[in-house]
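This report concerns only the one structure given below.
Protein chains: 2
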Amino acid sequence: MISNLPETNEMIGELTRLLDELAAFSDGAEPGVTRLLYTPAWSKAQRFLADKMAEAGLETRFDAVGNLYGRLPGTNPDAGVVLTGSHIDTVRSAGKYDGAYGIVAGLAAVAFLKKMHGSPRRTLEVVSFCEEEGSRFPLAYWGSGNATGVYDWRKDGDRADEEGVPLREAMQDCGFGRDDLAECRRTDLAAFVELHIEQGMVLERMEKRIGVVETIVGQRRYAITLEGAANHAGTTPMTMRQDAAAGAAECIVRLEALASQWGEPLVATVGKIEAQPNTPNVIAGTVDFSLDIRHADEWRLNAFSELALSEIERIAVRRRLKHRITPWLSTKPVPMNPSLTRATERICQQLILPYRRMVSGAGHDAQLLAAVCPTAMIFVPSKAGISHSPHEFTEPRMLADGVSVLASMLYELAYEEQRI
Amino acid sequence: MISNLPETNEMIGELTRLLDELAAFSDGAEPGVTRLLYTPAWSKAQRFLADKMAEAGLETRFDAVGNLYGRLPGTNPDAGVVLTGSHIDTVRSAGKYDGAYGIVAGLAAVAFLKKMHGSPRRTLEVVSFCEEEGSRFPLAYWGSGNATGVYDWRKDGDRADEEGVPLREAMQDCGFGRDDLAECRRTDLAAFVELHIEQGMVLERMEKRIGVVETIVGQRRYAITLEGAANHAGTTPMTMRQDAAAGAAECIVRLEALASQWGEPLVATVGKIEAQPNTPNVIAGTVDFSLDIRHADEWRLNAFSELALSEIERIAVRRRLKHRITPWLSTKPVPMNPSLTRATERICQQLILPYRRMVSGAGHDAQLLAAVCPTAMIFVPSKAGISHSPHEFTEPRMLADGVSVLASMLYELAYEEQRI
Numbered sequence: 001m002i003s004n005l006p007e008t009n010e011m012i013g014e015l016t017r018l019l020d021e022l023a024a025f026s027d028g029a030e031p032g033v034t035r036l037l038y039t040p041a042w043s044k045a046q047r048f049l050a051d052k053m054a055e056a057g058l059e060t061r062f063d064a065v066g067n068l069y070g071r072l073p074g075t076n077p078d079a080g081v082v083l084t085g086s087h088i089d090t091v092r093s094a095g096k097y098d099g100a101y102g103i104v105a106g107l108a109a110v111a112f113l114k115k116m117h118g119s120p121r122r123t124l125e126v127v128s129f130c131e132e133e134g135s136r137f138p139l140a141y142w143g144s145g146n147a148t149g150v151y152d153w154r155k156d157g158d159r160a161d162e163e164g165v166p167l168r169e170a171m172q173d174c175g176f177g178r179d180d181l182a183e184c185r186r187t188d189l190a191a192f193v194e195l196h197i198e199q200g201m202v203l204e205r206m207e208k209r210i211g212v213v214e215t216i217v218g219q220r221r222y223a224i225t226l227e228g229a230a231n232h233a234g235t236t237p238m239t240m241r242q243d244a245a246a247g248a249a250e251c252i253v254r255l256e257a258l259a260s261q262w263g264e265p266l267v268a269t270v271g272k273i274e275a276q277p278n279t280p281n282v283i284a285g286t287v288d289f290s291l292d293i294r295h296a297d298e299w300r301l302n303a304f305s306e307l308a309l310s311e312i313e314r315i316a317v318r319r320r321l322k323h324r325i326t327p328w329l330s331t332k333p334v335p336m337n338p339s340l341t342r343a344t345e346r347i348c349q350q351l352i353l354p355y356r357r358m359v360s361g362a363g364h365d366a367q368l369l370a371a372v373c374p375t376a377m378i379f380v381p382s383k384a385g386i387s388h389s390p391h392e393f394t395e396p397r398m399l400a401d402g403v404s405v406l407a408s409m410l411y412e413l414a415y416e417e418q419r420i
Numbered sequence: 001m002i003s004n005l006p007e008t009n010e011m012i013g014e015l016t017r018l019l020d021e022l023a024a025f026s027d028g029a030e031p032g033v034t035r036l037l038y039t040p041a042w043s044k045a046q047r048f049l050a051d052k053m054a055e056a057g058l059e060t061r062f063d064a065v066g067n068l069y070g071r072l073p074g075t076n077p078d079a080g081v082v083l084t085g086s087h088i089d090t091v092r093s094a095g096k097y098d099g100a101y102g103i104v105a106g107l108a109a110v111a112f113l114k115k116m117h118g119s120p121r122r123t124l125e126v127v128s129f130c131e132e133e134g135s136r137f138p139l140a141y142w143g144s145g146n147a148t149g150v151y152d153w154r155k156d157g158d159r160a161d162e163e164g165v166p167l168r169e170a171m172q173d174c175g176f177g178r179d180d181l182a183e184c185r186r187t188d189l190a191a192f193v194e195l196h197i198e199q200g201m202v203l204e205r206m207e208k209r210i211g212v213v214e215t216i217v218g219q220r221r222y223a224i225t226l227e228g229a230a231n232h233a234g235t236t237p238m239t240m241r242q243d244a245a246a247g248a249a250e251c252i253v254r255l256e257a258l259a260s261q262w263g264e265p266l267v268a269t270v271g272k273i274e275a276q277p278n279t280p281n282v283i284a285g286t287v288d289f290s291l292d293i294r295h296a297d298e299w300r301l302n303a304f305s306e307l308a309l310s311e312i313e314r315i316a317v318r319r320r321l322k323h324r325i326t327p328w329l330s331t332k333p334v335p336m337n338p339s340l341t342r343a344t345e346r347i348c349q350q351l352i353l354p355y356r357r358m359v360s361g362a363g364h365d366a367q368l369l370a371a372v373c374p375t376a377m378i379f380v381p382s383k384a385g386i387s388h389s390p391h392e393f394t395e396p397r398m399l400a401d402g403v404s405v406l407a408s409m410l411y412e413l414a415y416e417e418q419r420i
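Now the structure itself:
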């Protein structure tokens, strides 16, 4: 167990200053932070972070896709690397915490450990992954994906952004995508710990300070089309209608009721609806809507998804609507490492921080790292659950809580070389 | 009662040829017929019709807004004018029957009556109203509105089309909007009879050949906004959501059920839905939707509208959604003249044409004329109820049925000078 922790007020000042400085690296006139992969704002942010890492006495390097690492070498080079960090890219008009907080907090924790405890036994590294959000190119987890072998930048750079620029070209224009840079694929990791804002309101509502993630949920996403007949709203009696909007509405109400009945951690969402011709005085002939289903348990995720689709089908058939269901995303739930999860809990107890075991309903770099090393994920509260918005906010003292838990974990893993 | 009727095959040829010729006056590359007010296609169609009217021996004139009249003078000039016709303008990508059929049929009926029976006692006129659809400028019934005093072109031409061209300017560029043209306002009408396609599927489903319109329904239209919270679809448990899409869906399902329960002729339609941010993985924060309610009875129209709005309010409050309801259109039901309606029925019986008394769920020029003279409205079937579409279709023999009924009515009104 760590014997001392960073002084809170000092750490708060350092974290908020660094988050503000990072937030200034943003594209254009949009509100909030917009830092898309391989844009000038992104480049400047990564170079800025490399400088900060170097100032803290870490050895810095970029790998071939632009992931930035800051390294504090351990005395036992065979013991593997303990890695912490998150992603530097953002969605459009983002807040300043999503991703950035995990990097800044990792840097603060490692800098503190170096200053107070010198060299660790296991090597410690802080990573700023180049991309996680999927905001510019039609793929996500480009950073952690290349680090874990899910992607290979030598083969997978063909997809283009909205302006038709291929990922490979953008990467090379930014100075990456070259064989002389460090290899992306990590095979030397002993553990990965990611600290992130919750992006939900559970911790706030439950008055907890730390979320200990047990599992990152699996997801199923579907595009659903109901097709009826676009008739005149005035001349078509209720009994002669094939109203795609009413059909979609019945599906949405039914899906919500089923999901509520199944209970946590299942969530099902229809966030996107498009009606055709979308005119007040014409019955909707076609409605497209999305369905997003998430659960921490794969069997239940599958079972609910099948039930949901069969209900949609039943409603469509009863209403004489044609239906088309296209699955377009399917990920499995990813459990975090149980012994790291227990260690996180214990540390929260020692620090007297109210915590809650929970699932992560959002995807994170941790779910890719979990395939290659023991992985833990720690949440701090998000005010009102708001994220992907300039209104994203976490109180500075809660940011500091996260760093305390992270520093304790990294100490145990790297300095005490605890077995995982 | 009329002693003879146009020979069906001959009339079918004449009607379909004239409808095809009119359909050729259409703007641009879009499928179907697009003939917006005061466009070149519109001008050419009106001039073409004026020529056809003149060929049939009618005296033609344009009034100040471009309504075209073809006149067969009566021997009793004090007895008022019996008018028939419909509108020449179309929606974008329309069919060739809506509006055009009423003009072409009127011309065919009057030409036949002139040929077979010479001069009528009451003057007969065929009108091609310049505008009814509201497709170019943000107002409708510009033609019949100026004829009945609802609009005054000297004052009401300020509204602009999508390209910013004011109605008055478009009218003047087309050669209208001048004081030296015929006065628009009609104060000399003895009766108006409008023949139109049903634009619904009731006649077809009921296997009737003629619809005898008792009432043109009144309408209420509302723009409704539900506002919740646009949270993350993964991290927001079902119990913590304020989902505007689920709220709107519940409203739509409830409105449909209520409308079905009230029964004909009530119809209620949600044709337009817009969700924000409209993204699969974000709970909808705001949903705007339209509500269109129609009924032939004003008291019931009001009662249902109030019930519908109170249900929306109840659903919004229970779901902790803010709601905003903006009424933007309100028209009263317009009954057709009962003695003309009975006369239409009698004529259908005499001609052995299966008919049905019904309401018109769509608005028509007849509802404006009804304020200034006894007015009747006659429907012929629309295949599959399709209208405002290039697929609009009515079988030629059914088009001819309509002309037979119309010619019989005009004969009784103008030649027999029947009391209305």
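As given, the protein sequences belong to chains G and L, one line each in that order. If you're matching positions, the first sequence starts at 1 in the working numbering and goes up one per residue. If you're matching positions, the second sequence starts at 1 in the working numbering and goes up one per residue. Cβ atoms here follow ideal geometry from the backbone N, Cα and C, with glycine treated the same way.
Residue 169 of chain G: first and last residue of the uninterrupted alpha helix (DSSP H) it sits in
167–173
Residue range of the beta strand (DSSP E) that includes residue 227 of chain L
In the DSSP assignment, residue 227 of chain L falls within the beta strand (DSSP E) that extends over 218–227.
Taking only beta-carbon atoms, is residue 134 of chain L less than 8 Å away from chain G?
no
Along chain G, which residues have their Cβ under 7 Å away from the Cβ of residue 249 of chain L?
249, 252, 253
Residue 291 of chain G by DSSP, collapsed to three states: which one?
strand
Could you name the residues that DSSP lists as bridge partners for residue 69 of chain G?
G:61, G:127
Assign residue 391 of chain G to buried or exposed, taking buried as 16 or more other Cβ atoms, counted over all protein chains shown, within 10 Å of its Cβ.
Label assigned to residue 391 of chain G: exposed.
Local Cβ density within 10 Å of residue 46 of chain L, reported as buried at 16 or more and exposed below that:
With 16 or more Cβ atoms within 10 Å of its Cβ, residue 46 of chain L is classed as buried.
Residue-level contact to chain G via CB, residue 238 of chain L, 8 Å cutoff
yes
Hey, is the region 189–204 of chain G in contact with the region 374–381 of chain G, meaning 3+ C-beta pairs nearer than 8 Å?
The region 189–204 of chain G is in contact with the region 374–381 of chain G.
Whether residue 362 of chain G touches residue 199 of chain G by CB criterion (8 Å):
yes
Mind listing, in chain order, the continuous beta strand (DSSP E) runs of no fewer than 3 residues lying wholly within the region 175–208 of chain G?
You should have 189–197.
Within this structure, are the beta carbons of residue 168 of chain G and residue 137 of chain G separated by less than 8 Å?
Between residue 168 of chain G and residue 137 of chain G, the CB-CB gap reaches or exceeds 8 Å.
Check the Cβ-Cβ distances between residue 256 of chain L and every residue of chain G, and say whether any is below 8 Å.
yes
Taking the runs of the beta strand (DSSP E) that are 3 residues or longer, which of them lie wholly in the region 65–112 of chain G?
68–72, 81–87
Cβ-Cβ separation, residue 398 of chain L to residue 202 of chain L (assumed contact under 8 Å), whole Å:
Their Cβ separation, rounded to whole angstroms, is 14 Å, which puts residue 202 of chain L and residue 398 of chain L out of contact at 8 Å.
Collapsed DSSP secondary structure at residue 322 of chain G in the structure displayed:
Under the three-state reduction of DSSP output, residue 322 of chain G falls in the strand class.
Run through DSSP, which three-state label would residue 276 of chain G get?
Look at residue 276 of chain G here: in three-state DSSP terms it is strand.
Per-residue burial, residue 206 of chain G [other beta carbons within 10 Å of its own, 16 or more giving buried]
That one is exposed.
Using a Cβ cut-off of 7 Å, which residues of the region 261–275 of chain L contact any Cβ in chain G, in chain order?
264, 267, 269, 270, 271, 272, 273, 275
Residue 52 of chain L to residue 222 of chain L, Cα distance in whole Å?
43 Å
Among L:71, L:35, L:8, which residue has its Cα nearest to the Cα of residue 389 of chain L?
L:35
Looking at C-alpha atoms only, which residue of L:60, L:145, L:215 is the closest neighbour of residue 124 of chain L?
Across the set L:60, L:145, L:215, the C-alpha of L:60 shows the shortest separation from the C-alpha of residue 124 of chain L.
Under 7 Å from the C-beta of residue 387 of chain G: neighbouring residues of chain L:
232
Could you check whether residue 365 of chain L and residue 183 of chain L sit closer than 8 Å to each other, using their CB atoms as the reference points?
Taking the C-beta atoms as reference points, residue 365 of chain L is found no nearer than 8 Å to residue 183 of chain L.
Nearest-angstrom Cα distance between residue 26 of chain G and residue 312 of chain L?
42 Å
Which residue from L:190, L:277, L:403, L:141 puts its Cα closest to that of residue 418 of chain L?
For the residues L:190, L:277, L:403, L:141, the minimum Cα distance to residue 418 of chain L belongs to L:190.
Check whether the region 396–414 of chain G and the region 5–13 of chain G touch, using three or more Cβ-Cβ pairs below 8 Å as the test.
yes
Going along the chain, which unbroken runs of the beta strand (DSSP E) with 3 or more residues stay wholly within the region 308–395 of chain G?
322–331, 355–360, 375–380
Kindly indicate if chain L contains any beta-carbon less than 8 Å away from that of residue 201 of chain G.
yes
Partner residues on chain G for residue 198 of chain L, Cβ-Cβ distance less than 7 Å
Near residue 198 of chain L (Cβ distances below 7 Å), the residues of chain G are 235.
Could you have a look at residue 235 of chain L and say whether DSSP puts it in helix, strand or coil?
coil
Do you know whose CA, among G:386, G:16, G:382, lies nearest residue 394 of chain G's CA?
G:382
Hey, is residue 290 of chain L's beta-carbon within less than 8 Å of any beta-carbon in chain G?
yes
Taking buried to mean at least 16 other C-beta atoms within 10 Å of its own C-beta, is residue 265 of chain L buried or exposed?
Classification of residue 265 of chain L: buried, given that the 10 Å Cβ count is 16 or more.
With the cut-off set at 8 Å, would you say residue 315 of chain G and residue 220 of chain G are in Cβ contact?
no
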